[in-house]
Amino acid sequence: MSTSTAADWFATPLGADLLAREQAYYDETVSNIFGFNALQLGLAQFDFLRACRIPLRASIGSGPGVRVLADLNFLPVASQSIDLLLLPHVLEFATDPHQILREVERVLMPEGHVVMSGFNPLSLWGVKRFFNRRSGAYPWNGRFISLTRMKDWLSLLNFEMTGGRMCCYAPPFASNRWRERFAFMEKAGDRWWPLGGGVYFLVAKKRVPGMRLILPSWNERLAARQRLAAAPQRATTLNQQPKCEGHG
1 MSTSTAADWF ATPLGADLLA REQAYYDETV SNIFGFNALQ LGLAQFDFLR
51 ACRIPLRASI GSGPGVRVLA DLNFLPVASQ SIDLLLLPHV LEFATDPHQI
101 LREVERVLMP EGHVVMSGFN PLSLWGVKRF FNRRSGAYPW NGRFISLTRM
151 KDWLSLLNFE MTGGRMCCYA PPFASNRWRE RFAFMEKAGD RWWPLGGGVY
201 FLVAKKRVPG MRLILPSWNE RLAARQRLAA APQRATTLNQ QPKCEGHG
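At position 84 of the sequence shown (counting the first as 1) the number is 84 in this note's numbering, and the numbers step up by one without a gap.
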């Protein structure tokens, strides 16, 4: 089977194994993010927003199955209008990943979230890519971006890292049997080589310097008590009679 496209590769045993891991991570992460509008950039054939509780969700890009056909370098989206944006393996296959990140920063609302996944060059997956990058096959034809560099790019755009994880520590064997033999590496990966996973996930929040969000008061009882508090007054005795002064 040809693996020149993402759809072909994710249909292979190795791709399907990674897809299951990624779907589980996105399902867990997006279910805890709220707002009104959510976008998924790229890989529209896989619904990574399926567990999201945000009401308006759409996929955008140039591939098959997208809801909005557009160039990711120039998103047809209003500035500061998106609460959640997903980037599943987009930047390592983009001609200008910096421009896409600038667009992500532009369309996200203050305190909005970006969730992304990427292939790690400093891993056994990166070693395989080194020997297979000339084949033109997905995903080895991508320009893998290290986790450190990705964090630096996001920090320059005033994003704050709020979460992340790595997976796929075992060698990227095409055979299920060989991957099962090296399953011990998956269990020990986070402890012994925490930065050596073949795939990383990142969650970042957009921060706007000098801006402080004013949130509604959810404690209505406290708010009502504050509104009805009486001004302090001098205490008086009901039975006290007014004092009269006699004239001689």
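Think of the CB as a built atom: it goes at the ideal place given N, C-alpha and C, for glycine as much as any other residue.
Given residue i as reference, the closest of the options once Cα atoms are compared
| i | options | result |
| --- | --- | --- |
| N176 | F201, N158, T12 | T12 |
| E160 | L49, A44, P110 | P110 |
| F36 | F130, F201, C167, H113 | H113 |
| E92 | L124, S146, S62 | S146 |
| P88 | G189, V199, E103 | V199 |
| T148 | D47, G196, N132 | G196 |
| L154 | K128, G118, D190, L101 | L101 |
| E22 | M166, T162, F173 | M166 |
| C168 | R179, I60, R129 | R179 |
Chain-order list of residues whose beta-carbon lies under 7 Å from that of residue i (same chain, five-residue window excluded)
| i | result |
| --- | --- |
| F182 | A170, P171 |
| S4 | G136, A137, Y138 |
| W9 | T3, G15, Y138, P139 |
| A6 | L43, Y138 |
Cβ-based neighbour list, residue i, same chain, cut-off 8 Å, excluding 5 preceding and 5 following
| i | result |
| --- | --- |
| L222 | Here L222 scores only 47 on pLDDT, less than 50, and its place in the model is too uncertain to base an answer on. |
| S31 | A51, C52, R53 |
| V107 | L39, L75, V77, A78, S79, Q80, S81, I82, L85 |
Range of the contiguous alpha helix (DSSP H) that encloses residue i
| i | result |
| --- | --- |
| Q23 | 13 to 30 |
| G126 | 124 to 132 |
| W9 | 6 to 10 |
Identity of the residues DSSP links to residue i by a beta bridge
| i | result |
| --- | --- |
| R117 | Here the sequence assigns Ser to residue 117, which means Arg is not the residue at that position. According to DSSP, which records beta bridges pairwise, S117 is partnered with P88, F201. |
| G61 | L69 |
| L108 | I82 |
| L56 | N37 |
First and last residue of the uninterrupted beta strand (DSSP E) at residue i
| i | result |
| --- | --- |
| L39 | 37 to 41 |
Other residues of its chain near residue i: CB distance less than 6 Å, five sequence neighbours each side excluded
| i | result |
| --- | --- |
| G104 | According to the sequence provided, residue 104 is Val. The question's Gly does not apply to it. If we look at V104 and ignore the five residues flanking it on each side, its Cβ neighbours are L85, V114. |
| Y26 | F48 |
Inset, instruction - Counting only runs of 3+ residues fully inside the stretch 154 to 202, write out the beta strand (DSSP E) ranges in chain order. - result: 159 to 167
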